[in-house]
Structures are given as C-alpha cells and as structure tokens.
Amino acid sequence: MTVGKDVSALFPDVVNCRTAGVRKSLPNRSGAQPDGEAASEPQATVIPNQESLIGDLLSMDIGAPPAAAPAAAATTEIANTGAGLLGDIFGLSGPINTMVQIPKITWLPAEKGKGMEVQGSFSRRNAQIHMDMTFTNKAMSAMSGFAIQLNKNSFGLTPTAPLQVPVIQPGQSAEVSLALGTGGVVQRMEPLNNLQVAIKNNVDIFYFACLVHANVLFAEDGQLDKRVFLTTWKEIPAANEVQYSLSGVVGNADTIANKMTSNNVFTIAKRNVEGQDMLYQSLKLTNNIWVLLELKVQPGNPDATLSLKSRSVEVAPMIFTAYEAIIRSS
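For the sequence shown, the UniProt record's numbering assigns the number 1 to the initial residue and increments by one for each residue that follows.
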C-alpha cells in the first residue's frame, strides 16, 4: 500500500469517534508551495504498512481532553501520570537534558581577517536564538569599533541589538553572544541554513558564511495534537516523505525522547512493535514550517531509521543533521 492513497478505512477508531462538525487539520504555511524537485522523484513508501499502526497508536485516547500546552523546553518534563493508556503511550519519565550545544568552529581565520579570528556557534536559550562568538586578536595592534551585518537569509535572522565587543588587545580574546530575531528580510539560501555575515572593525570589513544549526530554529510550540498529527500525516503526499539512516545512537527510546523534547522535538506517541521502539514526533521551525517524524530504534542497536514528512520537504537535510547531533549527544 502507498502512503498517498485514501487510508481512512484503516482508522476506524479515529473516524468513528470524531465529534460532529469538528475537524482539526494543520493549515498550509502561508505562501508555501509543494517542492517541485521532490514531486518529480516520488519515492516508494518509506513506512510500509504503517498507516494502520499510526491510526491505532494515535487513536487510543483520541477522545481524551486536550493536553495542556507544553512549557518552555529548557524546563519541560514529561510526567508519567500512570493514568491509563495515555500514561502508557507517553511513558517517558526521568529528567530532561539541556539543549544540545554544538562546539564552536572557526568562521573567519586570522589570515583572512588581517589578524582577527572569529570562532562561533549557534544556541537557543529561553526561546531566543543566539550567535555565540569568540573574537581573537592575532595582530600587533588593538582592535576596536566592531559592527556586524547579516545578509538576507531563509529564516529572516537579524540582530536584535548592535554587536558589543570591547577593545581587544594583541593576543587577547573576547566572548560575545549576539541575540538574533526572525523578523528580518527573507531570501531563500542554498543550503537553506546558510548565513552570510559581514563584520567590521577599525582595520577593515570582513566577510564569511556559516551554517545555522537547525535545532536553534525549532520553536517551543511545536507539539501537535494527536488528531492533527494523524490528519496531517495522511494529507502530506508520499513524494514529501524522506527516510534517513542514523548511526551512533546513544540511549534508548525514553532517553532519546527526553533529549528531543529538550530541543523542541516533541513525542506525540510511543509504541514497541516486534522489538522495535517507534517514536512519532513533531516540530515547528521559526518560519512556521511543520515537520512530522517517525523514529524506529531497537534497544542495543546504535543504528536507527528516521522518516520525515513535511509540506516543505526541502528542510529535510538540515533537520536530519540536527536530529543526528541531538541523538548522538550524551
């Protein structure tokens, strides 16, 4: 069977328990268009015979009252209340890890910055994206008068305040964290998370490009209601489904779910099928693109399979890279 066909007959529990006149569905992102390249290369079903499994899984307590909105990811804990099947499905207990921190890399080497070296990374703290940088002066005279400008980019990233860097003496470094908003001018980049940067000091203006870590673009309100998840999964065509093989997986399904929650990837349901743990998850990017995920992981096996569905499937590569970084973190 293919994911794109009408599978409503496979979801009797969901179909029969719908409240009259009420139908939840995830709306199309404003201005979003189907990805032409993906549509031209339709794939075979990524999740064979999973429609009925997803239907059973997500309809177990479909008539239950909606869950309260999740708190901020940095402090969220998923409580195992033990109240019936909902507690069993969401049986994810234990402390939540902090958001994964990607180590800084060199964005501008000293030989290209006339003695100024810039190392950096991105982080998300308190629902705010940060550009964390270390400026090092490897020249023979002091550096001052710093300023920064970001080119138009896919996610509208722009500084929320001027760059504040103290005077840096020769051989010294300065740590800076620049808060970024998402209200800037949007222009699609290749790859999508490419960010072009210009930094000025008293010596010259220097240009470089870096890649924004996708996990800092995962919004705190990315948890879908079960019914919306199921409806959206069925509505997204098979051409917009992509599979990725993960390696170096650390932990079991519960610890993985906790890691993902702390990075704003929310587990909608969990089930063990023939020795494989299945996690169904959702996330929302800061530009309102929704992504649905299915993770298949087997206890003791460092390899796993991640399947992604989205109306904007072009986000898949950067999502997979971020997911892999999170799942490998300890």
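For every residue, glycine included, the Cβ atom is placed at its ideal position computed from N, Cα and C.
Check	Outcome
Cβ shell of GLN169 (< 8 Å), same chain only, five flanking positions each side left out	ASN137 and ALA142
Residue interval of the beta strand (DSSP E) (run including LYS200)	194–200
Which of helix, strand or coil DSSP assigns to PRO103	coil
DSSP state of MET60 mapped onto helix, strand, coil	Confidence is the limiting factor: at MET60 the pLDDT is only 41, short of 50, which leaves the residue's position unreliable and the question unanswerable from this model.
Chain-order list of residues whose beta-carbon lies under 7 Å from that of ILE319 (same chain, five-residue window excluded)	ALA214, VAL291 and LEU308
Buried/exposed call for SER310, threshold 16 Cβ in 10 Å	buried
Inter-residue spacing [alpha-carbon to alpha-carbon] between TRP233 and ASN301	27 Å
Pair within 9 Å by beta-carbon distance, THR160 and LEU150	no
Endpoints, the alpha helix (DSSP H) within which ASN258 is located	253–262
Per DSSP, cross-strand counterpart(s) of LEU157	Answer by DSSP bridge pairing: none, since LEU157 is not bridged.
Minimum C-alpha distance to VAL197 - residue among CYS210, GLY156, THR255 and SER245	CYS210
Test item: CB-CB of ASN287 and THR182 under 9 Å	yes
Check: GLY300 C-beta below 8 Å from any heavy atom of the ligand MG	Among the components modelled here there is no ligand, and therefore nothing to report on the ligand MG.
Residue closest to ALA110, alpha-carbon to alpha-carbon, out of ARG328, TYR207, PRO317 and VAL100	TYR207
Closest Cα partner of PRO162 within the set ALA147, ILE289 and ALA174	ALA147
Proximity below 9 Å, CB of VAL176 to CB of ASN193	no
DSSP beta-bridge partners of ARG271	MET278
Span separating the alpha-carbon of VAL216 from that of LEU180	11 Å
Opening and closing residue of the beta strand (DSSP E) in which PHE135 lies	128–137
Beta-carbon proximity check, LYS259 vs MET278, cutoff 9 Å	no
Coil, strand or helix - LYS309 by DSSP	strand
Delimiting residues of the beta strand (DSSP E) encompassing GLU241	241–246
Per-residue DSSP class, three states only, for LYS296	strand
Proximity winner among GLU274, ILE129, MET133 and GLY113, relative to SER121 (alpha-carbon distances)	MET133
Spatially closest choice to VAL203 from GLN187, GLY115, ARG271 and GLY171, by CA coordinates	GLY115
Beta-carbon gap between ARG328 and VAL249 smaller than 9 Å	yes
Cβ distance (whole Å) where LEU246 is taken to contact ALA304 below 8 Å	4 Å
Residue burial classification, SER173 (beta-carbon count within 10 angstroms, cutoff 16)	exposed
Own chain partners of LYS284 with C-beta closer than 6 Å, once the 5 adjacent residues on each side are dropped	ALA219, GLY222 and TRP290
Helix, strand or coil at LEU217 according to DSSP, with G and I counted as helix	helix
Residue range of the unbroken beta strand (DSSP E) whose run includes MET116	116–125
Nearest candidate by alpha-carbon position, reference GLU274, set VAL313, SER282, GLN298 and LYS152	GLN298
Where the beta strand (DSSP E) through ALA176 begins and ends	Per the sequence shown, residue 176 should be read as Val rather than Ala. 173–181 is the extent of the beta strand (DSSP E) around VAL176.
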